[in-house]
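full-length UniProt numbering applies: residue 1 is where the sequence shown begins, and numbers increase by one. Don't be surprised by glycine CBs; every beta carbon is placed ideally from N, CA and C. A quick note: this is a predicted structure, and the numbers were derived from the prediction, not measured.
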Amino acid sequence: MVQGTLGYVDTEYFHTNHLSDKSDVYSFGVVLAELITGRKPISSDELDGYRSLATYFVSAIQQDRLLQILDENLVEGDLVQLKRIAELTERCLRVKSKERPSMKVAIELEALRSVENHQLRDEDFNHREIMEKLFHPATPSNINGGYLLQHKKLKDYLANKNIRIFTVEDLQRATNNYDEGNIIDRGRYGTIYKGILPDYGVVAIKKSIQIYQQQIDKFINELEIASQINHQNVVKTLGCCLGTEIPLLVYEFITNGTLFSHIQNPFLASDFSWEMRIKVAAETAAALAYYIWFQLFTEI
Numbered sequence: 001m002v003q004g005t006l007g008y009v010d011t012e013y014f015h016t017n018h019l020s021d022k023s024d025v026y027s028f029g030v031v032l033a034e035l036i037t038g039r040k041p042i043s044s045d046e047l048d049g050y051r052s053l054a055t056y057f058v059s060a061i062q063q064d065r066l067l068q069i070l071d072e073n074l075v076e077g078d079l080v081q082l083k084r085i086a087e088l089t090e091r092c093l094r095v096k097s098k099e100r101p102s103m104k105v106a107i108e109l110e111a112l113r114s115v116e117n118h119q120l121r122d123e124d125f126n127h128r129e130i131m132e133k134l135f136h137p138a139t140p141s142n143i144n145g146g147y148l149l150q151h152k153k154l155k156d157y158l159a160n161k162n163i164r165i166f167t168v169e170d171l172q173r174a175t176n177n178y179d180e181g182n183i184i185d186r187g188r189y190g191t192i193y194k195g196i197l198p199d200y201g202v203v204a205i206k207k208s209i210q211i212y213q214q215q216i217d218k219f220i221n222e223l224e225i226a227s228q229i230n231h232q233n234v235v236k237t238l239g240c241c242l243g244t245e246i247p248l249l250v251y252e253f254i255t256n257g258t259l260f261s262h263i264q265n266p267f268l269a270s271d272f273s274w275e276m277r278i279k280v281a282a283e284t285a286a287a288l289a290y291y292i293w294f295q296l297f298t299e300i
């Protein structure tokens, strides 16, 4: 079973039961499609016969109908830039993963942000300079999590990695016993609550609905990796609670809300300019590329 939000999960997964870096590229493509169209990943109303935004978007681009699906709030967007990014989005959303680009799309997006007078200069694609601009990592130290976790007590290990272990009571108090009024988001696989913790202030607490036993080890390894990620565009993992049947995760609270809230709220969407959206796209790509790089680094 894969845990992910419906609408973002790689369609190839349902045929192969396999996820890869190209699956992340697909999910990122859905985010780009949201930014361009202002639509949800999955719609209750069919869009030209499609409930999936990804399928709807690809079909429209292949039929040269970008202007018809464009978010009405993007009237002042750079059309040349829009077309380039729409084409990039279509590549990310291709059904066959081998036809998708790698997360080097982060470089392409950053270059597109530098476009002046609709002309891309050779220096805009200077790979090394752009990577230095996009990535602001703290160099990871010895991080072979799977090996270490098998040889140390879990709590001591996590404590040494600056991962706070919260008790069941800590998180119950923080959320007023998971009061409905503290729900930030509710998805197919879990619920995110707003809470208040001493020493941390306002936090976000993720409570999954279900997790299988074989996923516990993976959960711990991913938690260890997440705790060491230091990137300006990645939400920081503060800790976890292991006293429940299903582990809980505690994150820093993002005060500006979600991408969905900015796109779907009519009062916010009108101020969510194309310049701001492409900035979100480029920084999201940078964060995802960094996360993939970090995972590869830990396997070396």
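- Annotated as distal: I205 and L242, with beta-carbon spacing of 8 angstroms or more.
- Between T255 and the set S273, A286 and V202, the nearest pair of CA atoms involves V202.
- As DSSP reads the structure, Y178 sits in no beta bridge.
- Distance from the CA of V280 to the CA of K236, rounded to the nearest whole angstrom, comes to 17 angstroms.
- According to the DSSP assignment, V234 belongs to no beta strand (DSSP E), since it is labelled neither H nor E.
- For G190, the enclosing beta strand (DSSP E) begins and ends at G190 to L197.
- In the same chain as G190, and ignoring 5 residues on each side of it, the C-beta atoms closer than 7 angstroms to its own belong to K206, K207, S208 and I209, in chain order.
- Listed in chain order, the non-local C-beta contacts of L66 below 6 angstroms within the same chain comprise A86, local neighbours out to five positions each way being set aside.
- Unbroken beta strand (DSSP E) runs of no fewer than 3 residues, entirely contained in the stretch 4-54, are found at 42-47 and 50-52, following chain order.
- In terms of CA proximity to D185, S261 leads the group D271, S261 and H18.
- Contact annotation: Y13 and S27 have beta-carbon atoms that are not nearer than 8 angstroms.
- For the pair G239 and I192, the CB atoms are not nearer than the 8 angstroms cut-off.
- In the three-state reduction of the DSSP assignment, K206 falls in the strand class.
- For the 8 angstroms CB-CB criterion, D71 and T37 form a contact.
- Around the beta carbon of E90, a 10 Å sphere encloses 16 or more other beta carbons of the protein chains shown; the residue is thus reported as buried.
- Restricting attention to L197, N17, R100 and N160, the CA atom closest to the CA of N176 is found in L197.
- Excluding the 5 residues flanking it on each side, L74 has same chain C-beta neighbours closer than 6 angstroms at W274, in chain order.
- Bounds of the alpha helix (DSSP H) holding V80 are L79 to C92.
- Note on geometry: alpha-carbon atoms of R94 and D179 lie some 41 angstroms from one another.
- About 14 angstroms separates the CB atoms of S52 and I61; that is not less than 8 angstroms, and the two are not in contact.
- Bridge pairing for L248: K207 and C241 [DSSP].
- Measuring C-alpha to C-alpha distances from L35 to each of K96, D21, F166 and L82 identifies L82 as the nearest.
- Residue pairing of G187 in beta bridges, as defined by DSSP: absent, with no partner found.
- The three-state secondary structure of I254, taken from DSSP, is coil.
- In the DSSP annotation of this structure, I163 is not part of any alpha helix (DSSP H), being labelled neither H nor E.
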